[in-house]
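In this text, residue positions in the sequence shown follow our numbering: the first is 402, and each later residue adds one.
Right, one structure below, let's go through it.
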Amino acid sequence: MAELPSCEEGVILVKSLNEFFLRSQLNLIINSEQQKEPEPEVLENPELASAMREGTKVIHRAAETSIFTKRFLKGEINTDEYGRYINSLYFVYRYMEALLEEHKDHPSVNLIYFPNELNRKETLERDLAFFYGEDRVASLTDPETMTPAVKGYVEAMKDACKINPALLVAHSYSRYLGDLSGGQILAKRLKKHILKYEENDSSWDSTEGLNFYYFNHLGNQTEFKNFYRERLNAAKVDAKTRELIVAEAVKSFELNIALFDEIQELSDAGKLIATSFKPGQHQQEQSFVNVERANSSKKSYLKWITVAVAGVAVGVTVYQRYYKQN
């Protein structure tokens, strides 16, 4: 039978085992730390706004030269085509703004989250009501009615958030800054060619049917755009994230071109939903109101003339009676 170690030898053995296990654990920790990838370095000056502007120059020109865009700028589109356009935009803004709300606490998203100043969903609902009638808005805004290009746009934004919510910055940038930069030009085209307003007419200053282009809670638009770009440039992102955001901005333009192309295809195929609005309708309604006001004023004027004449007649009668009695 083997001789058992003495108590002193047992203590030494236990210490040796403890030291062995301790060294093993330390080696595991050190190896694990060495295998970890270093944390990406946050860029001190990411210049996101400039990076997206430069990165989207080529695709931006492509968007401007699409058939639908060129027809839009020339004033050649009709009310049904424009109705389809704002109907498509409704879904884009509805889901983009919902995603911005969902991820508003993300550091990058929070920098450019201004729902009160920028949100467009409700303005598009009002414009849809103007062109299609209030009773048709519910069916037009049903998600089941989304066209393939619109679905693709919405899914792309959702997929971007799964990769990194910071990619929403790209969609916010391309949509809102585009609206602020070119919206007034488009609004003037629409007033002239779709609504058939004249610049010297009182209806020219109306925003009916064009609420989408007016940011009533914004103040000075140029100042806000500069402020927005400054916020973008202050985003705490690493080089890889900046690259992904720029790529997503390019993708947002591609998705927008797909919307334009789809509208043109639907129009060529005669598959657009007819609007209720008829060009010149507003002026006719306004003319009717003006005529009614004029008639009302005329009636009021005649009434007071009649009262005045009656008053004079009564005065004459009283005078004559008084004169005869004396």
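All C-beta atoms, glycine included, are put in the ideal place defined by N, C-alpha and C.
By a C-beta neighbour count over all protein chains shown, 10 Å radius and 16 as the cutoff for buried, is glutamate 609 buried or exposed?
Locating residue 609 in the sequence shown gives position 208, where the first residue counts as 1. With fewer than 16 other Cβ atoms within 10 Å, it is exposed.
Pick helix, strand or coil for aspartate 669, following the three-state DSSP scheme.
Mapped onto the sequence shown, residue 669 falls at position 268. Helix, per DSSP.
Suppose you measure from the CA of leucine 525 to the CA of asparagine 488; what does that come to, to the nearest Å?
Within the sequence shown, numbered from 1, the residue matching residue 525 stands at position 124. Within the sequence shown, numbered from 1, the residue matching residue 488 stands at position 87. If I take the Cα positions, the gap works out to 8 Å.
Please name the residue in Phe469, Lys641, Ala636, Gly553 whose C-alpha comes closest to that of arginine 440.
To locate residue 440, count along the sequence shown from 1; it is residue 39. Contrary to the premise, residue 440 reads as glutamate rather than arginine in this sequence. Of the listed residues, the one whose Cα sits closest to glutamate 440 is Lys641.
Go to phenylalanine 531, then tell me how far its alpha helix (DSSP H) extends in each direction, as first and last residue.
Reading the sequence shown from its first residue, position 130 is the one you call residue 531. Start and end: 522-533.
Identify the residues that DSSP records as bridge partners of valine 443: which are they?
Translated into the one-based positions of the sequence shown, residue 443 becomes position 42. Partner(s): Asp639.
Please report how far the alpha carbon of asparagine 520 lies from the alpha carbon of isoleucine 468, in whole angstroms.
Taking the first residue of the sequence shown as position 1, residue 520 is located at position 119. Taking the first residue of the sequence shown as position 1, residue 468 is located at position 67. Taking the straight line from one Cα to the other gives about 28 Å.
Between the alpha carbons of arginine 643 and leucine 444, how many angstroms are there, rounded?
To locate residue 643, count along the sequence shown from 1; it is residue 242. To locate residue 444, count along the sequence shown from 1; it is residue 43. Approximately 9 Å between the Cα atoms of the pair.
Can you list, in chain order, the stretches of the alpha helix (DSSP H) that have 4 or more residues and sit fully within the stretch 575-602?
579-594, all fully within the stretch 575-602.
Quick check: what's the CA-CA separation for serine 607 versus asparagine 446?
As a working note, residue 607 is residue 206 in the sequence shown. As a working note, residue 446 is residue 45 in the sequence shown. In a straight line, the C-alpha of serine 607 is about 43 Å away from that of asparagine 446.
Please confirm if the stretch 566-582 is in contact with the stretch 505-512, defined as three or more CB-CB distances below 8 Å between the two stretches.
Yes, the stretch 566-582 touches the stretch 505-512.
In three-state terms, what does DSSP make of histidine 461?
Mapped onto the sequence shown, residue 461 falls at position 60. Histidine 461: helix per DSSP, three-state reduction.
I'd like to check one pair, arginine 472 with isoleucine 664: are the Cβ atoms closer than 7 Å?
What you label residue 664 is simply residue 263 of the sequence shown in a count that begins at 1. What you label residue 472 is simply residue 71 of the sequence shown in a count that begins at 1. Contact flag unset, no.
Does the Cβ of valine 493 have 16 or more other Cβ atoms within 10 Å, making it buried, or fewer, making it exposed?
By one-based count along the sequence shown, residue 493 stands at place 92. Counting Cβ neighbours within 10 Å, valine 493 comes out buried, since at least 16 surround it.
Confirm, please, whether the CB-CB distance from asparagine 612 to alanine 464 is below 7 Å.
The count along the sequence shown starts at 1 and reaches residue 464 at position 63. The count along the sequence shown starts at 1 and reaches residue 612 at position 211. Contact flag unset, no.
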